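Q: In my numbering, the protein residues as written are 97 to 261. Every residue, glycine too, gets a C-beta built ideally from N, C-alpha and C. Keep in mind it's a predicted model, so treat the numbers as computed, not measured. One structure, pasted below without further comment.
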C-alpha cells in the first residue's frame with residue numbers, strides 16, 4: 097500500500113494535535129483513514145484533530161466511539177457536503193462485521209477507523225494508514241503515516257515535524 101511513508105516524532109499531545117490538523121488538511125472526500133496503536137497511544141487525540149480540521153470546526157465535541165462503535169459527523173457552511181464516520185473496531189475481527197456498521201455505504205464519506213489493525217483486510221481499502229507508538233522512554237509518540245503514490249504532499253509532514261529517530 098505504502099508508496100509514501102513519513103515517520104515523525106511528537107513530543108507531547110499539543111504536537112500530536114498539530115500533526116492531526118496537518119493530516120486533516122490532506123484528506124479527500126471518500127478517504128479511509130486507519131489508525132493503529134495500543135491503548136493510550138493517542139489514536140483518539142489524533143482522530144479528533146483530523147476531524148476538526150476536515151470540517152473546519154475547531155471546537156467540535158468529539159467523544160470516543162468506543163461504545164456507540166460509529167459516530168457520524170456532518171460539515172456545515174462551505175463544508176456542508178462533507179461527512180465523516182468515526183469508528184472504533186476494537187471488538188471486531190472480520191470485514192463482514194464492519195459492513196453491518198455501514199462504513200462502506202457512501203463512497204464520498206471519509207471513514208476514520210481506530211484499532212484498524214484488528215481487521216487487516218481494511219488495509220487494501222485505506223488511503224492513509226497511521227501507526228502510533230509509544231517509545232521505550234514513555235515520552236512522546238512515534239507516528240508513521242503511510243499512503244499511496246498519489247499523496248506526494250504527505251512528504252511535507254517530515255519538513256514540519258521532527259523525523260522519528
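(1) With a threshold of 16 other CB atoms inside 10 Å of the CB of residue 212, please say whether the residue is buried or exposed.
(2) Any idea what DSSP makes of residue 250, helix, strand or coil?
(3) For the candidate residues 130, 118 and 110, whose alpha-carbon lies nearest to that of residue 223?
(4) Give the range of the alpha helix (DSSP H) segment to which residue 117 is assigned.
(5) Between which residues of its own chain and residue 104 is the CB-CB distance below 7 Å, once the five residues before and five after are set aside?
(6) Suppose the cutoff is 7 Å on Cβ atoms and the five residues either side in sequence are ignored; what does the same chain contact list for residue 118 look like?
(7) For the region 214-223 against the region 134-152, do three or more pairs of beta-carbon atoms, one drawn from each stretch, fall closer than 8 Å, so that the two count as touching?
(8) Could you name each continuous alpha helix (DSSP H) segment of 4 residues or more that falls completely within the region 201-251, going from the start of the chain to the end?
(9) Locate the alpha helix (DSSP H) running through residue 150, then write down its first and last residues.
(10) If you run the structure through DSSP and keep just helix, strand and coil, what is residue 165?
(11) At the level of alpha carbons, what is the spacing between residue 106 and residue 236?
(12) Write down the C-beta distance between residue 170 and residue 160 rounded to the nearest angstrom, noting that I regard them as a contact closer than 8 Å.
(13) When DSSP builds the beta bridges, which residues end up paired with residue 105?
(14) Got a sec: does the ligand SAH put a non-hydrogen atom nearer than 7 Å to the Cβ of residue 156?
A: For this structure:
(1) Classification for residue 212: buried.
(2) helix
(3) 130
(4) Segment 109-120, the alpha helix (DSSP H) holding residue 117.
(5) 115, 239, 253, 254, 257, 258, 259 and 260
(6) Counting only Cβ-Cβ distances below 7 Å, and skipping sequence neighbours, we find 253 and 256.
(7) no
(8) none
(9) 139-151
(10) coil
(11) 5 Å
(12) The pair is not a contact, with the Cβ atoms about 19 Å apart (cut-off 8 Å).
(13) 238
(14) Among the components of this structure there are no ligands whatsoever, and the ligand SAH is therefore not found.
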